[in-house]
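Taking this note's numbering, the leading residue of the sequence shown gets 1, the next gets one more, and so forth.
Down below is the structure, laid out as structure tokens.
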Amino acid sequence: MIMAGTDQTGGAAFSAEDNDALLAAVSAQLAAGAFPGQDEAVLARLVEGLGDRRGLVRFGFAERLAAIGLPAAPFLRRALRQHENMAVRRAAAKTFTLIKDPQSMVTLGEALTEDPDPVVQGSAAGALAELGGVAVPPLLAILEDPRHSAFCKGLAAWALASIGARGAEKLRPAMESPLADVRAAVVGALGDQIQNSDDQEALTLLHQALEDPSEEVQAEAVTAFGKLQHPRFIPVLAASLESPSLEVRKNGALALMKCRNEAGLPPLETARQREGDGPLATVLQLAVTQLRRSLETGCEDAFRPGS
Numbered sequence: 001m002i003m004a005g006t007d008q009t010g011g012a013a014f015s016a017e018d019n020d021a022l023l024a025a026v027s028a029q030l031a032a033g034a035f036p037g038q039d040e041a042v043l044a045r046l047v048e049g050l051g052d053r054r055g056l057v058r059f060g061f062a063e064r065l066a067a068i069g070l071p072a073a074p075f076l077r078r079a080l081r082q083h084e085n086m087a088v089r090r091a092a093a094k095t096f097t098l099i100k101d102p103q104s105m106v107t108l109g110e111a112l113t114e115d116p117d118p119v120v121q122g123s124a125a126g127a128l129a130e131l132g133g134v135a136v137p138p139l140l141a142i143l144e145d146p147r148h149s150a151f152c153k154g155l156a157a158w159a160l161a162s163i164g165a166r167g168a169e170k171l172r173p174a175m176e177s178p179l180a181d182v183r184a185a186v187v188g189a190l191g192d193q194i195q196n197s198d199d200q201e202a203l204t205l206l207h208q209a210l211e212d213p214s215e216e217v218q219a220e221a222v223t224a225f226g227k228l229q230h231p232r233f234i235p236v237l238a239a240s241l242e243s244p245s246l247e248v249r250k251n252g253a254l255a256l257m258k259c260r261n262e263a264g265l266p267p268l269e270t271a272r273q274r275e276g277d278g279p280l281a282t283v284l285q286l287a288v289t290q291l292r293r294s295l296e297t298g299c300e301d302a303f304r305p306g307s
């Protein structure tokens with residue numbers, strides 16, 4: 001059903017002048033601390049302003065809705081799930097990154113998994129990530145549900161990684177999940193926890209992930225160790241070059257390439273010789289070349305000094 005305020009193609013039915021006048025009036029009320037937060041008609045009309053064809057004006061409406069805060073959330077939720085105008089749905093999802101309303105998690109999860117527009121889905125994932133640890137359970141549920149597409153699960157995994165240290169306590173139990181993509185997503189998020197707080201329990205889980213039966217999880221763990229940017233993990237990355245998994249070896253080579261540490265060069269050169277004309281020959285040659293170049297130029301983007 002097309003909501004009020006849109007034409008049959010989903011375009012805004014209000015003129016640019018109407019929107020400019022409304023935006024000015026509401027801005028003045030907010031500046032004076034006199035905006036009536038219970039005025040449902042005005043709140044609904046502000047949400048319609050998110051469909052303005054001018055990007056800066058859409059952003060202005062989003063900012064005012066964010067300033068109003070939680071009273072606007074029910075109107076944004078309805079627009080996110082029901083509005084015919086794709087621009088309104090996109091802007092509503094993005095506005096939730098500013099409002100950060102935990103009561104809207106279900107609606108955001110539905111938008112992530114059900115909206116036909118990938119931008120809406122991505123913005124909903126971003127809004128969930130902004131909520132922090134409380135959003136971990138619904139994001140894990142998306143990863144665990146076989147009905148959801150790989151794209152949706154990728155967005156959920158990205159959101160979990162973005163939450164990172166803020167959701168560590170709720171993430172750790174998911175390392176026991178029977179689903180490899182859930183464990184892989186957790187590994188990516190735990191890397192952030194270690195990076196921000198040197199969490200030893202999370203580091204232990206990351207080491208255990210290197211022995212995971214899933215190559216996907218192993219590869220994610222290697223990438224996470226590379227992102228930790230510490231020389232004591234170079235042996236871990238070097239060992240990954242001997243894995244039977246192509247993806248693990250590739251991730252290890254790229255991580256060592258980025259390490260900007262001379263200790264990464266010998267294992268890369270050995271792996272390149274061992275690979276010969278194999279499928280990773282090009283990647284390994286690139287890793288050796290780039291690491292040598294960074295060492296020769298004295299690149300300052302080096303691993304943190306070890307303790």
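C-beta atoms are modelled at their ideal positions from N, C-alpha and C, and glycine is treated no differently.
Measure the Cβ-Cβ separation of Leu224 and Gly252 and say whether it is below 7 Å.
The amino acid occupying residue 224 in the given sequence is Ala; Leu does not appear at that position. Not closer than 7 Å, so no.
Mind checking which residues open and close the alpha helix (DSSP H) that includes Cys152?
Unbroken alpha helix (DSSP H) run through Cys152: 150-163.
Starting from Asn19 and walking both ways along the alpha helix (DSSP H), at which residues does that stretch end?
16-31
Once DSSP output is grouped into helix, strand and coil, what is the label at Lys94?
helix
For Ala165 and Ser245, I'd like the C-alpha separation in whole angstroms.
29 Å
Alpha carbon to alpha carbon, how far is Ala239 from Ala129? Give it in angstroms, no decimals.
33 Å
Can you tell me the Cα-Cα spacing of Pro138 and Pro267, whole angstroms?
41 Å
So Val57 packs on Asn85, CB below 8 Å; how close in whole Å?
The Cβ separation is near 14 Å, so there is no contact.
Within a Cβ cutoff of 6 Å, which residues of the same chain sit near Leu160, ignoring the five residues on either side of it in sequence?
Leu139, Ala185, Ala189
Ordered along the chain, which non-local residues of its own chain (more than five positions away) have a Cβ less than 7 Å from that of Ala287?
Ala253, Leu254, Leu256, Met257, Leu268
From Gly133 to Asp101, what distance separates their C-alpha atoms?
13 Å
From Gln285 to Arg272, what distance separates their C-alpha atoms?
Computed Cα separation, rounded: 7 Å.
I need the DSSP call for Leu179, collapsed to helix, strand or coil.
For Leu179, the three-state secondary structure derived from DSSP is coil.
Taking just the CA atoms, how far does Thr95 sit from Ala87?
12 Å
Quick one: measure Cβ to Cβ for Gly49 and Leu23, integer angstroms, because I've assumed they're closer than 8 Å.
7 Å
Measure from the alpha carbon of Val136 to the alpha carbon of each residue in Gln29, Ser243, Leu155, Gly69, then state which is nearest.
Leu155
If Gly122 sits next to Pro71, beta carbons under 8 Å apart, how far is it from one beta carbon to the other, in whole angstroms?
With 8 Å as the limit, Gly122 and Pro71 do not qualify as a contact, their Cβ atoms being about 26 Å apart.
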